[in-house]
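All remarks here apply to the structure that follows.
Chains as they are written, first to last, in my numbering: chain A, 1 to 116; chain B, 117 to 231.
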């Protein structure tokens with residue numbers, strides 16, 4: 001069965017500093033990988049996704065992530081964090097479903113705090 | 117499009133009562149998912165539908181939980197009877213699958229509190 005590990009429960013960075021959120025997955029085949037962000041009281045918004053091709057993917061809000069098959073990782077990065085980026089971030093691996101689409105298995109999330 | 121719409125946003129009910137959560141997926145999407153989020157277990161997939169048909173309900177915790185999708189624009193998740201341990205945020209998500217993989221779009225969730 002697939003699984004996702006986000007080793008950092010909480011991360012605090014200063015505004016303007018760079019950010020890297022770690023994600024490791026376990027899946028026997030080529031994974032479909034996602035990063036979602038959740039602001040307090042809100043649903044999950046997709047930041048970016050990897051299905052195939054270029055292993056460096058660009059997302060919304062200036063985020064990017066790099067798929068490294070050898071390390072089973074899909075780390076999320078941002079060169080300069082803004083105070084509005086404070087939220088909870090979820091990495092997910094998708095497994096193809098009958099009829100199409102992906103069953104998402106989520107990591108436990110990383111809570112990002114941004115210091116002004 | 118207004119996105120995935122869930123109602124109510126908040127629900128407080130007494131133990132033993134029936135609870136019905138509602139979801140309107142994005143128009144044109146043919147897959148619908150119900151997830152539950154708790155502190156202890158994180159985000160879990162409860163059930164998913166494809167073209168209004170339940171495909172996999174292995175994540176539904178107990179027989180007290182049931183879900184329906186009578187048409188392409190509406191789904192319900194019902195808990196009867198409800199218990200305090202059902203307190204969680206329930207998310208509905210939808211996606212469109214034709215010719216490739218796509219991502220799931222989530223609603224804002226229903227925060228359920230069972231007292």
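Ideal placement from N, C-alpha and C gives every residue a C-beta, glycine not left out.
Just so it is clear, the structure is predicted and the values come from calculations on it, not from any experiment.
Assumed close pair residue 185/B, residue 228/B - CB separation to whole angstroms, cut-off 8 Å: Looking up residue 185/B in the second chain gives position 69. Looking up residue 228/B in the second chain gives position 112. Not really, about 20 Å apart at Cβ, beyond 8 Å.
Distance between residue 167/B and residue 22/A (C-alpha atoms, nearest Å): The residue labelled residue 22/A in the question sits at position 22 within the first chain. The residue labelled residue 167/B in the question sits at position 51 within the second chain. Going by the C-alpha atoms only, they are around 35 Å apart.
Residue of 46/A, 8/A, 43/A and 34/A minimising C-alpha distance to residue 52/A: Locating residue 52/A in the first chain gives position 52, where the first residue counts as 1. Considering only alpha carbons, the answer is 34/A.
Reduced DSSP secondary structure (H/G/I, E/B, other) of residue 163/B: Locating residue 163/B in the second chain gives position 47, counting from the first residue. Here residue 163/B sits in strand by DSSP.
Partners in chain B for residue 42/A, counting only beta-carbon separations shorter than 7 Å: Along the first chain, one-based indexing puts residue 42/A at 42. Those are 224, listed as they occur along chain B.
Per DSSP, cross-strand counterpart(s) of residue 193/B: Counting from one through the second chain, the residue named residue 193/B turns up at place 77. Paired residues: 137/B and 183/B.
Start and end residues, beta strand (DSSP E) containing residue 77/A: Here residue 77/A refers to the residue found at position 77 of the first chain. Looking at the DSSP string, the run of the beta strand (DSSP E) that includes residue 77/A is 73-78.
Outcome for residue 152/B when other beta-carbon atoms lying within 10 angstroms are tallied against a minimum of 16: Sequence index remark: in the second chain, residue 152/B carries index 36 (1-based). Answer is buried; the Cβ neighbour count reaches 16.
Paired residues, beta bridge with residue 24/A - DSSP: Within the first chain, residue 24/A is the residue found at index 24, counting from 1. DSSP lists 5/A and 73/A as partners of residue 24/A.
Under 9 Å from the C-beta of residue 109/A: neighbouring residues of chain B: Counted from its first residue, the first chain places residue 109/A at position 109. What residue 109/A touches in chain B: 158 and 159.
Contact belief for residue 223/B with residue 139/B at Cβ below 8 Å, rounded distance in angstroms: Counted from its first residue, the second chain places residue 223/B at position 107. Counted from its first residue, the second chain places residue 139/B at position 23. So it is a contact: roughly 6 Å between Cβ atoms.
Against chain B: residues of the stretch 42-60 of chain A by CB proximity under 8 Å: So the list reads 42, 43, 44, 45, 46, 49 and 51, given in the order they occur along the chain.
Residue range of the beta strand (DSSP E) that includes residue 170/B: Stepping through the second chain from its first residue, residue 170/B is reached at position 54. That run of the beta strand (DSSP E) goes 169-172.
Distance between residue 133/B and residue 72/A (C-alpha atoms, nearest Å): Within the first chain, numbered from 1, the residue matching residue 72/A stands at position 72. Within the second chain, numbered from 1, the residue matching residue 133/B stands at position 17. Approximately 45 Å between the Cα atoms of the pair.
Sub-7 Å separation of residue 142/B and residue 169/B beta-carbons: Indexing the second chain from 1 puts residue 142/B at position 26. Indexing the second chain from 1 puts residue 169/B at position 53. Taking 7 Å as the Cβ cut-off, residue 142/B and residue 169/B do not qualify as a contacting pair.
Sequence-distant residues of the same chain with beta carbon closer than 7 Å to residue 96/A, five excluded per side: For this step, residue 96/A is matched to residue 96 along the first chain. Here residue 96/A has 102 as same chain residues with Cβ atoms under 7 Å from its own Cβ, once five neighbours each way along the sequence are excluded.
Pairwise C-alpha distance: residue 144/B and residue 211/B: Residue numbering aside, residue 211/B sits at position 95 when the second chain is read from its first letter. Residue numbering aside, residue 144/B sits at position 28 when the second chain is read from its first letter. Distance between the alpha carbons of residue 211/B and residue 144/B: 9 Å.
Whole-Å CB distance - residue 163/B paired with residue 183/B, under 8 Å assumed: The sequence position of residue 163/B within the second chain is 47, counting from 1. The sequence position of residue 183/B within the second chain is 67, counting from 1. Beta-carbon to beta-carbon, residue 163/B and residue 183/B are separated by about 5 Å, close enough to satisfy the 8 Å threshold.
Proximity below 7 Å, CB of residue 205/B to CB of residue 129/B: In the second chain, residue 205/B corresponds to position 89, counting from 1. In the second chain, residue 129/B corresponds to position 13, counting from 1. Judged by beta-carbon spacing, residue 129/B lies beyond the 7 Å limit of residue 205/B, meaning their Cβ atoms are not closer than that value.
C-beta atoms of residue 36/A and residue 48/A nearer than 7 Å: The residue you call residue 36/A lines up with position 36 of the first chain. The residue you call residue 48/A lines up with position 48 of the first chain. Not in contact: residue 36/A and residue 48/A (Cβ atoms no closer than 7 Å).
Residue nearest to residue 38/A in terms of C-alpha spacing, selected from 87/A, 7/A and 91/A: To locate residue 38/A, count along the first chain from 1; it is residue 38. Measuring from the Cα of residue 38/A, the nearest candidate turns out to be 87/A.
Chain-ordered neighbours of residue 219/B on chain A, where CB pairs are closer than 7 Å: Against the second chain, residue 219/B aligns to sequence position 103. Result: 34, 46 and 49.
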